[in-house]
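Residue numbers (the numbering used here): 1 to 148.
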């Protein structure tokens, strides 16, 4: 904590930009702010939170466009939850690959989001079946879907 106070008091000497960059680099190492693992949010059957939100670039010719998405997975058993926990890195990678470069206009409609939800469910079930022999995810729900 003292080192953080020293950084703040040094702001006029090192410049605000440098101070903000330093603080941003310290955040992941701060206890309580590290990425939370996937976790079950109730009894089985129940919902497993994907964990930290995901941000991907959307297709755009004129300016940067982003999609921030959060989702929960519906699972039936503790074994399904274990499969999701074990392959969380592969799940996040598959989501980045699947969502990145999408057309923003196509995702603005309810039908576009529902189509993406179904495609995502199918892709994740295929990935988990291939890697673990168990599709694990019965359904998925977007809990946040923000485009900018």
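Here a beta-carbon is modelled for each residue, glycine too, at the ideal position from N, C-alpha and C. These numbers were taken from a predicted model, which means no experiment stands behind them.
Counting C-beta pairs closer than 8 Å gives three or more between the segment 83 to 90 and the segment 124 to 138, which meets the contact rule. In the displayed model, residue 50 falls within coil according to three-state DSSP, outside both helix and strand. Each residue's CA atom was taken as its position, placing residue 51 and residue 72 some 8 Å apart. Scanning 92, 118, 70 and 136 for the CA closest to the CA of residue 81 turns up 136. The residues 59, in chain order, have a CB closer than 6 Å to that of residue 103 in the same chain once the five nearest residues on each side in sequence are set aside.
Annotated three-state conformation of residue 81 is helix, per DSSP.
For the pair residue 64 and residue 125, the Cα-to-Cα distance works out to about 31 Å.
One Cα belongs to residue 62, the other to residue 147, and the distance between them is close to 15 Å. The bridge partners DSSP lists for residue 145 are 69. Buried is the label assigned to residue 91, since at least 16 other Cβ atoms lie within 10 Å of its Cβ.
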